[in-house]
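**Student:** Right, I'll just put the structure down here and ask away after.
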């Protein structure tokens, strides 16, 4: 009897252990979660425990089954840390398709390195990285790690599906524990359910759980994922970082914290004050004074990223920038603010979410959502915005990196949320004039002059600033939409106005500009501006709204000098299109042995309902068709 009981206990133990080992078997995944997916998150758990105003721990446990080679990026884990945070523990386990353990990460398998970005001089940013090199699909990886943070400006955000359309979710949990007397602020996004709130020892816990999230399809011209993906933003009410206390309850409070960090850091060396005061002698217009100071900044300093402890958020002292001649965005903006103050001009430190295509901040949820700093110089009739990190940026110009979004100004009264300028279609222009000599063999030579303004000039201004002549030629070659040509000569000339411009001149030899067939030649007059980005169609009903982010105007005037022994046999009628998405006009005229082609396209920006997508496709198809119109020439 005892022997049978002992055998039963051993068998039960082995069975339980086997079941635990095989819980991550790939065949246990529901079929609907593997359809068109590259990876499945079997389990994701995040536990964020706030200990006090200045410290928190975060534990993460994630199990992912990799279904094919396109999901291999999820077979690794990177954990970032710095002076204000540390990694307490990091473990990883690899399982085969049956859920049986293959190996564990050893200490030697975990890379610990510097996370300095290019252009960073000083930084305490580091990372730990672990990965499994395995290709017997499907397989499963499990990562567990714990971190401690003393930078309580930030609480975590949670988007269980992130922005990965080919990753599905079996189960994802997000839990925050707050100590008694401390408030958790949170915002639910895009239908996320309210948290489960429980009284726990020493405080309260807030938890969110989602299960069975299927693969979603990322539709073209959709808003950023955070506009429609379920998620939670969290933030403190009050916080402390390296002895600095602040509040995030209002934007006013956050601006006051920026002022606290910058307090007494705007003191300039006396020789610098005298130097800049001499610069503006005789200048009464405050805008011209500001321009003079900005150009002085550009000539005397350069941008270098410096991220050390609280220095990742606190600007270096103005006198240090004056002595060293460099600084990061915070330091250079603070330094410029001090320079302007020394000549009697008030300006405001402005925190902003920089980046082309970045989602804007959540204006109804005061919190640290910024990654960059610029300077705002308000005046009675105008406001100048200064990008203090650039040695080449035109005075007062904010392009795709910082225009048309909210910035938090640190004013003497505290934080004020304001919008940066939006560039209009009249600001963003491509004005092109081309003279073409067409030979009777269909080949041609062309002289093209294009003036780009606003956001359309940024590519060419960057070429002119950064690239060698040879690399400029290679870059220009890739921008020219002609099937077969040689670039014989070129130049790029910038004009640095409030709305800057770049003039690009090209001398081209165009092979088969017109195709010849017997006694006829077929010419497409639109030489360089054919629309080739028709939005892709879908066989499924559109789900998300349509967003066109940029607006611009394209005008083309192309003059063809035709061979003397040729006549125009047929030319298309003028095309005029009007839509909520923009307007288009194209026409051909013949005069004195020349063909004149004129085209104008204005693209509108805006957000439109999902049902408008097919209308947008139709609009762009009509433009593409008109851009391919042919003129028939006959000998």
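Numbering (this note's numbering), first residue to last: 6 to 640. A virtual CB, placed ideally from N, CA and C, is assigned to each residue, including glycine. Please read these numbers as outputs of a predicted model, since none were measured by experiment.
1. Who are the near neighbours of residue 297 in its chain, counting only those whose CB is closer than 8 Å to its CB and skipping five residues on each side?
2. What is the DSSP secondary structure of residue 389, counted as helix, strand or coil?
3. Which ranges would you report for the alpha helix (DSSP H) in the segment 432 to 505 if only whole runs of at least 4 residues count?
4. Which residues in the same chain as residue 642 place their Cβ atom closer than 6 Å to its Cβ, once the five residues preceding and following it in sequence are excluded?
5. Using the DSSP secondary-structure output, state which residues sit across from residue 639 in a beta bridge.
6. Any contact between the segment 530 to 537 and the segment 399 to 417? By contact I mean 3 or more CB pairs, one from each, below 8 Å.
7. Taking only runs of the beta strand (DSSP E) that begin and end inside the segment 556 to 640, which ones reach a length of at least 3 residues, in chain order?
8. So what's residue 40 in DSSP terms, helix, strand or just coil?
9. Shortest alpha-carbon distance to residue 205 belongs to which of 55, 222 and 479?
10. Let me confirm a value: residue 522 is counted as buried when at least 16 other C-beta atoms fall within 10 Å, else exposed. Which label applies?
11. Tell me whether the beta-carbon of residue 241 lies closer than 9 Å to the beta-carbon of residue 188.
12. Just to confirm my understanding: we take residue 161, look at its own chain, exclude 5 residues before and 5 after, and list those with CB closer than 6 Å. What are they?
13. How would you label residue 373, buried or exposed, when you count the other beta carbons within 10 angstroms and need 16 or more for buried?
14. Whose C-alpha, out of 212, 182, 357 and 234, is nearest the C-alpha of residue 222?
15. In this structure, does DSSP put residue 304 in helix, strand or coil?
16. Quick check: the Cα distance between residue 39 and residue 328, rounded to an integer number of angstroms?
17. If you pair each beta-carbon of the segment 410 to 427 with each one of the segment 481 to 497, do three or more pairs fall below 8 Å?
18. Can residue 716 and residue 217 be called in contact, C-beta distance under 9 Å?
19. Let me know if residue 293 comes out buried or exposed under the rule of 16 or more other beta-carbons within 10 Å of its beta-carbon.
20. Could you pull the start and end residues of the alpha helix (DSSP H) that residue 340 belongs to?
21. Count the other CB atoms within 10 Å of the CB of residue 250; is the residue buried (16 or more) or exposed (fewer)?
22. I'd like to confirm the pairing. Which residues does DSSP put opposite residue 381 in its beta bridges?
23. Might you give, ordered along the chain, the residues of its own chain that have their beta carbon closer than 8 Å to the beta carbon of residue 614, omitting 5 neighbours on each side?
24. Going straight from the alpha carbon of residue 394 to that of residue 360, what length do you get?
25. Cα separation between residue 627 and residue 605?
26. Taking DSSP as the reference, what is the three-state secondary structure of residue 24?
27. Excluding the 5 residues preceding and the 5 following residue 175 in the sequence, name in chain order all residues of the same chain whose CB lies nearer than 8 Å to its CB.
28. Measure the alpha-carbon distance for residue 504 versus residue 458 and round it to whole angstroms.
29. Looking at the secondary structure, which residues open and close the alpha helix (DSSP H) in which residue 256 lies?
30. Any idea if residue 541 is buried or exposed, counting beta-carbon neighbours within 10 angstroms, 16 or more meaning buried?
31. If you run the structure through DSSP and keep just helix, strand and coil, what is residue 15?
32. Do you know how far the Cα of residue 573 is from the Cα of residue 535?
33. Here's the rule: buried if 16 or more other CB atoms are within 10 angstroms of the residue's CB, otherwise exposed. What is residue 177?
34. Between residue 637 and residue 593, what straight-line distance do the alpha-carbon atoms span, to the nearest angstrom?
35. In whole angstroms, what separates the C-alpha of residue 156 from that of residue 226?
36. According to DSSP, is residue 2 helix, strand or coil?
**Tutor:** Walking through what the data contain:
1. When the five nearest sequence neighbours on each side are left out, the beta carbons in the same chain lying within less than 8 Å of the beta carbon of residue 297 are those of 284, 285 and 288, in order along the chain.
2. The answer is strand: DSSP assigns residue 389 an E or B state.
3. As far as the segment 432 to 505 is concerned, its whole alpha helix (DSSP H) runs of at least 4 residues are 463 to 471 and 474 to 484.
4. Here the chain comprises residues numbered 6 to 640, so residue 642 is not present and cannot be evaluated.
5. Answer by DSSP bridge pairing, in chain order: 525 and 572.
6. In short, these stretches do not touch, since the Cβ pair count stays below three.
7. With a minimum length of 3 residues, the continuous beta strand (DSSP E) runs that stay inside the segment 556 to 640 are 557 to 566, 572 to 575, 580 to 584, 587 to 596, 599 to 608, 611 to 613 and 636 to 639.
8. It is coil, neither helix nor strand.
9. That would be 55, whose Cα lies nearest to the Cα of residue 205.
10. By the neighbour-count definition (other C-beta atoms within 10 Å, threshold 16), residue 522 is an exposed residue.
11. With respect to residue 188, residue 241 sits close: the two C-beta atoms are nearer than 9 Å.
12. Closer than 6 Å at Cβ, skipping near neighbours: 53.
13. Per the 10 Å Cβ criterion, buried.
14. Restricting attention to 212, 182, 357 and 234, the CA atom closest to the CA of residue 222 is found in 234.
15. Three-state result, residue 304: helix.
16. C-alpha separation (whole angstroms): 59 Å.
17. No, the segment 410 to 427 does not touch the segment 481 to 497.
18. As displayed, the chain neither begins before 6 nor continues past 640, which places residue 716 out of reach and without an answer.
19. Residue 293 counts as exposed, since fewer than 16 other C-beta atoms from the protein chains shown sit within 10 angstroms of its C-beta.
20. 334 to 347 is the span of the alpha helix (DSSP H), which, as asked, contains residue 340.
21. Counting Cβ neighbours within 10 Å, residue 250 comes out exposed, since fewer than 16 surround it.
22. Looking at the DSSP assignment, residue 381 forms a beta bridge with 353 and 390.
23. When the five nearest sequence neighbours on each side are left out, the beta carbons in the same chain lying within less than 8 Å of the beta carbon of residue 614 are those of 550 and 551, in order along the chain.
24. Roughly 14 Å separates the two Cα atoms.
25. Near 14 Å, if we compare the C-alpha coordinates of residue 605 and residue 627.
26. Because the pLDDT at residue 24 is just 48, under 50, the model does not fix this residue reliably, and the point stays unresolved.
27. Contacts found: 34, 35, 38, 45, 46, 47, 48, 216 and 217.
28. So the two alpha carbons sit approximately 7 Å from each other.
29. Per DSSP, the unbroken alpha helix (DSSP H) holding residue 256 starts and ends at 256 to 267.
30. Exposed, because fewer than 16 other Cβ atoms sit within 10 Å of the Cβ of residue 541.
31. Low per-residue confidence applies at residue 15: pLDDT is 46, beneath 50, and the placement is therefore not dependable enough to give any value.
32. So the alpha carbons of these two residues sit roughly 22 Å apart.
33. In the assembly as shown, residue 177 is a buried residue. Its beta-carbon has 16 or more other beta-carbons within 10 Å.
34. Here the C-alpha atom of residue 637 lies approximately 12 Å from the C-alpha atom of residue 593.
35. Cα to Cα, the separation comes out at about 36 Å.
36. Nothing about residue 2 can be read from this structure; the chain reaches only from 6 to 640.
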